[in-house]
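Visitor: Let me give you the structure first, and then I'll get to my questions.
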Amino acid sequence: MKNKIENAGIPMEEKDKSTTTRKNLLKTAAAAGMMLATGCKMSMEEFLQKNFKTLTDSEKKEIITRLESEYSKKYGKKFTVSAQEPIEGTLFGYALDISRCIGCRRCVYACVNENNQSRKPQVHWIQVLQMDKEKGIDYHHSDTHYNPPKVPLEGHFYLPVACQQCRNPQCTTVCPVKATWQEIDGIVVVDYNWCIGCRNCMAACPYGARHFNWGQPSIPNEEVNPETHYLGNRPRMKGVVEKCTFCIQRARAGLYPSCVEVCPVGARKFGNLLDPESEIRYILKTKRVLILKEDLNTQPKFYYFFGV
Numbered sequence: 022m023k024n025k026i027e028n029a030g031i032p033m034e035e036k037d038k039s040t041t042t043r044k045n046l047l048k049t050a051a052a053a054g055m056m057l058a059t060g061c062k063m064s065m066e067e068f069l070q071k072n073f074k075t076l077t078d079s080e081k082k083e084i085i086t087r088l089e090s091e092y093s094k095k096y097g098k099k100f101t102v103s104a105q106e107p108i109e110g111t112l113f114g115y116a117l118d119i120s121r122c123i124g125c126r127r128c129v130y131a132c133v134n135e136n137n138q139s140r141k142p143q144v145h146w147i148q149v150l151q152m153d154k155e156k157g158i159d160y161h162h163s164d165t166h167y168n169p170p171k172v173p174l175e176g177h178f179y180l181p182v183a184c185q186q187c188r189n190p191q192c193t194t195v196c197p198v199k200a201t202w203q204e205i206d207g208i209v210v211v212d213y214n215w216c217i218g219c220r221n222c223m224a225a226c227p228y229g230a231r232h233f234n235w236g237q238p239s240i241p242n243e244e245v246n247p248e249t250h251y252l253g254n255r256p257r258m259k260g261v262v263e264k265c266t267f268c269i270q271r272a273r274a275g276l277y278p279s280c281v282e283v284c285p286v287g288a289r290k291f292g293n294l295l296d297p298e299s300e301i302r303y304i305l306k307t308k309r310v311l312i313l314k315e316d317l318n319t320q321p322k323f324y325y326f327f328g329v
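Position 106 of the sequence shown, counting from 1, maps to 127 under our numbering, and the rest follow consecutively.
As structure tokens, this is what we get:
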């Protein structure tokens, strides 16, 4: 009754406007509090930006124009930020020949350069595991920090691991804000602006393929790659999770991922799983193929095989 008496005589539209104003103030205050708590340096407009999947074409264009300007100014290079959609009739898959991989790690650093991963602190989307041939695929006794004078080391083989681009990705189901999802071409992506850094996806991924930016990512201006995609290799910020996207900025432009191109022994293969004439379909049909942790039913689209 008290509220009714106090509100008596106030036009309904004014009451609605007052309520809306209070909501906006509370929303802005909450966002500001989160920005201070997480050390986020984004503008308020950027922080309150909608999820990429809900943006209109005009909103995407406006955001991309702003990002291109900001990145160009920061790094002293002309930046492009693509929002290219999936290619119709395409489902990307990857295959890696374990019998050929020599553990040189060229793929690791080609990925770093292509995808603007932080140099300090270091972030690597690809981890190469050195394993004992007698023990087979044994994660517990594998070594990611191997450093022999030459590779491959006798009696060992190498298993590079990155995002497995699962058909049934557990990482996307646990995200409380839906900042990560699977596109129709099979690529699992992250909207960095929508990510809240809770790291649930990291806990859910059985392959250790997601990486958190504990510090502000650092990329030397002369080494930054200015050809980027909004959902892929554009520069990230502190407090967000990132991962391999099959070099989405390249794959959707009809190019191979950088790790495929740089491999000196041709151990890496990439293609369209929906194309019966593609090389990757030939591999799945004719080679001894395995997927990692098959019992978890994540159904990776990253296949390992023995070519020889």
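Here a beta-carbon is modelled for each residue, glycine too, at the ideal position from N, C-alpha and C.
Starting from the Cα of residue 236, find the closest Cα among 142, 126 and 78 and give me that residue.
Guide: The shortest Cα separation from residue 236 among 142, 126 and 78 belongs to 142.
Visitor: Mind reading off the beta-carbon distance from residue 103 to residue 324? Whole number of angstroms is fine, and I expect it under 8 angstroms.
Guide: No, residue 103 and residue 324 are not in contact; Cβ-Cβ is about 27 angstroms, not under 8 angstroms.
Visitor: In whole angstroms, what separates the C-alpha of residue 314 from that of residue 79?
Guide: If I take the Cα positions, the gap works out to 42 angstroms.
Visitor: Is it right to say residue 260 is buried, meaning 16 or more other beta carbons lie within 10 angstroms of its own, or is it exposed?
Guide: Answer is buried; the Cβ neighbour count reaches 16.
Visitor: Pair every Cβ in the region 296-307 with every Cβ in the region 88-105, then say whether three or more of these pairs are closer than 8 angstroms.
Guide: Touching, no, given that fewer than three Cβ pairs across the two stretches are closer than 8 angstroms.
Visitor: Between the C-alpha atoms of residue 106 and residue 158, what's the straight-line distance to the nearest angstrom?
Guide: In a straight line, the C-alpha of residue 106 is about 37 angstroms away from that of residue 158.
Visitor: Using the three-state DSSP reduction, which class does residue 272 fall into: helix, strand or coil?
Guide: It is helical.
Visitor: Please identify the residue among 151, 208, 257 and 170 whose C-alpha is closest to the C-alpha of residue 182.
Guide: Residue 151 is the option with its Cα nearest to residue 182.
Visitor: CB-CB under 7 angstroms to residue 248, same chain, minus the five flanking residues each way: which ones, in chain order?
Guide: If we look at residue 248 and ignore the five residues flanking it on each side, its Cβ neighbours are 101 and 270.
Visitor: To which residues does DSSP link residue 102 through a beta bridge?
Guide: In the DSSP output, where bridge partners are listed per residue, residue 102 has 249.
Visitor: Consult DSSP for residue 209 and reduce its assignment to one of helix, strand or coil.
Guide: Looking at residue 209 - three-state DSSP - the assignment turns out to be strand.
Visitor: So, for residue 322: in the same chain, excluding its five sequence neighbours on each side, which residues have a beta-carbon less than 8 angstroms away from its beta-carbon?
Guide: Closer than 8 angstroms at the Cβ level, and outside the excluded window around residue 322, lie 112, 113, 114, 115, 185, 186, 187, 188, 207 and 294.
Visitor: Quick one, which of 227, 195 and 241 has its alpha-carbon nearest residue 219's?
Guide: The shortest Cα separation from residue 219 among 227, 195 and 241 belongs to 195.
Visitor: Quick one: what's got a C-beta closer than 7 angstroms to residue 231's C-beta in the same chain, skipping five residues either side?
Guide: Only 192, 222, 223, 262 and 264 meet the Cβ criterion.
Visitor: For the beta strand (DSSP E) that contains residue 289, what are its first and last residues?
Guide: From DSSP, the beta strand (DSSP E) with residue 289 extends over 289-293.
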